[in-house]
Amino acid sequence: MKKKIAFRSARIFDGESGALIAGKNVIVEGATILEISDVPIAAGVEIVDCGGRILMPGLIDAHVHVYAAGLNIVRVAQSPVSYLAHFAAQFLRTSLDRGFTTVRDVGGADVGLAMAIQDGLLDRVPRLFYGGRVISQTGGHGDFRPGDHALDAGHYCGCAHVPDPMAVIADGVDEVRRAVREELRRGASHIKIMASGGVASPTDPLDRCQYSDDEIRAAVEEAERAGHYAAAHCHPKEAVRRAAALGVKSIEHATLIDRETAEFVAERGSFVVPTISTLVALFEEGEKLGFPKVSMEKLRRVADSSLSSLEIMKRAGVKMGLGTDLLGTLHVRQSTEFTLRAKVLPPIDVLRSACAINAELLGQRGRIGCVREGALADLLVVDGNPLEDMSVLGSGGDRIPIIMKDGNFHRRAI
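The following block contains the structure:
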C-alpha cells in the first residue's frame, strides 16, 4: 500500500493563479497528488502541519548546463566526461536544495547521466530533461576551438562524431539531420542548435546569425518528426525572428530583441527562455574567475539590455520561461534569477515562468509545475510569500523548509 501524506494549514499557490487557496488539504499518495479538498483527513495518514505557510510547486529551471564545470568553455570541452559527471552530480544535488525539482539541460547532459539517475546511482537530484550535445556550424557558438586550431587537428571533425561532450559541429542540411538524429537516438527530449553568436565562444561575433534557413528547418523537421522539439540559442533580434519563423519552439536568451520581433514571436507561439542571472554573475565575477577577455567584451553588450528585454517581451505577450545558464562555481547564484527578474516583472509573472510556463514548454503541463490532483508530488513549503517578496525564493533555498520530489521528502525542517 502506498503511503499517504497530508499537508494541512497551508495557503496554496497552484503554479499559475495569483490567488492563494486556503482551507484545503493536499493529500499525497506515492509520487502523486491524490486529492485537494476540505474533507477531513483520514486516520492513519501522516500529517504535515504547514502552520499557515505557502505550499507551492517545485521549481523548474529550463536552461542549465550540468556539465559546464568552469567558465572557460574551451577547457570544459576538453575535459574527461568522468570529471564532468561528478561536477553534474554536485550541481544537480544543490539545485534540489534550492527548490528546483526539475531541470532542462540544453547542452551537455547525456544518456549516461540520465541512466545513473533512473537507476538510483545518482539520487536526491531533480528530474532531468536533456538535449544531448548542442549542434553548431563550424565557427559557431558551439565551436569552442581557439581560432588557431584547425578542424582536422586530431580532436575535431566536420561530421556528427565529435568527442566534445558539450557540442557537435555539423555543416549542411545532411550533416545537421544526422546530428539531430544522433542526439535523439541517445534519448534527447529536445535538440538545440546555435542560431547566433554567443558570449562564451571564442571566434563568433555576438550579433551574427548562424546556420542557413534550410539547416534550421532541417533540425526542426527532424525533431518534430520524432515527437520532440527544437531549441535555438539566439541573441540578436534577427536570429530570434528567424528561429520563430522557422518553427523553433524554444528560443534561448533573446537579449537583443525589440518590440516588433517580440510581437512576432508571440504571434508564432514560440517560447523564450531568458537567462539573466548568468549575465549578471559573469559581469560581476567573470574576469577574476578567468572568463576569457574576448568573452567579457561581448558580455558587456548583452548585460546592458538583459532586463529591458524582459519588459519588451512582457508587453508583447511572449511566453517566457525561466532559466539560469550558469557556469562553474557561479551555479550557486541559481536562485538569484528570481530577484533579478522581479526588478522589472511582477512576482506572479516570475513564478508562472518557473512553474506553469516551463511545464508547458517541457510538454509536462498538468504533471509538474502545478499543485493539482493527478500531478506529480513535487512540492515546496516556503517561509514568506513569494507573490509579494521574491527573496523568499531568491535566497538559495534558505527559506524553503520543505522540499518534496515525487512524493519523497528531500528536506523536512518543520
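Read in order, the letters of the sequence shown correspond to residues -19 to 394 in the working numbering.
We put the CB at the ideal spot given by N, CA and C, even for glycine.
- Counting C-beta atoms within 10 angstroms of its own C-beta, Q117 has 16 or more neighbours from the protein chains shown and is therefore classed as buried.
- When the five nearest sequence neighbours on each side are left out, the beta carbons in the same chain lying within less than 7 Å of the beta carbon of I97 are those of V105, L108, in order along the chain.
- In the three-state scheme derived from DSSP, where H, G and I count as helix and E and B as strand, E267 is classed as coil.
- The count of Cβ pairs closer than 8 Å, one atom from the stretch 160 to 177 and one from the stretch 199 to 210, reaches three, so the stretches are in contact.
- Between L306 and R313, the CB-CB gap stays under 9 Å.
- Segment contact: the stretch 340 to 352 against the stretch 364 to 374, fewer than three CB-CB distances shorter than 8 Å; contact not assigned.
- For F67, no beta strand (DSSP E) encloses it; the enclosing alpha helix (DSSP H) starts and ends at 61 to 77.
- Inter-residue distance for I(-15) and V220 is about 45 Å (C-alpha atoms, whole angstroms).
- Looking at Y47, I27, V61, the one whose alpha-carbon comes closest to that of G308 is Y47.
- Listed in chain order, the alpha helix (DSSP H) runs fully inside the stretch 331 to 389 are 338 to 341, 371 to 374, counting runs of at least 4 residues.
- With a 10 Å radius around the Cβ and a threshold of 16 neighbouring Cβ atoms, Q70 comes out exposed.
- In this structure, the straight-line span from the alpha carbon of M146 to that of E155 is close to 17 Å.
- If you draw a straight line from the Cα of V54 to the Cα of R352, it comes to about 44 Å.
- Separation of A(-1) and R(-9) (C-alpha to C-alpha, rounded to the nearest whole angstrom) is 10 Å.
- If you look at M36, you'll find it isn't in any alpha helix (DSSP H); it sits in the beta strand (DSSP E) that goes 34 to 37.
- Taking a cut-off of 8 Å on C-beta distances, the stretch 361 to 370 touches the stretch 314 to 332, as three or more cross pairs fall below it.
- For R197, there is no enclosing beta strand (DSSP E); the residue is part of the alpha helix (DSSP H) that begins and ends at 193 to 205.
- For L236, the three-state secondary structure derived from DSSP is strand.
- Under the Cβ criterion (8 Å, minimum of three pairs), the stretch 21 to 31 does not count as touching the stretch 67 to 84.
- Two segments are said to touch when three or more pairs of C-beta atoms, one from each, lie closer than 8 Å; by this definition the stretch 323 to 330 does not touch the stretch 74 to 87.
- Relative to K278, the option among S(-11), D184, I256, Y209 whose CA is nearest is D184.
- In this structure I394 is exposed. Its beta-carbon is surrounded by fewer than 16 other beta-carbon atoms within 10 angstroms.
- DSSP places F(-7) in the coil class of the three-state scheme, outside both helix and strand.
- Using a C-beta cut-off of 8 Å, the stretch 257 to 266 makes no contact with the stretch 210 to 225, since fewer than three inter-stretch Cβ pairs fall below that distance.
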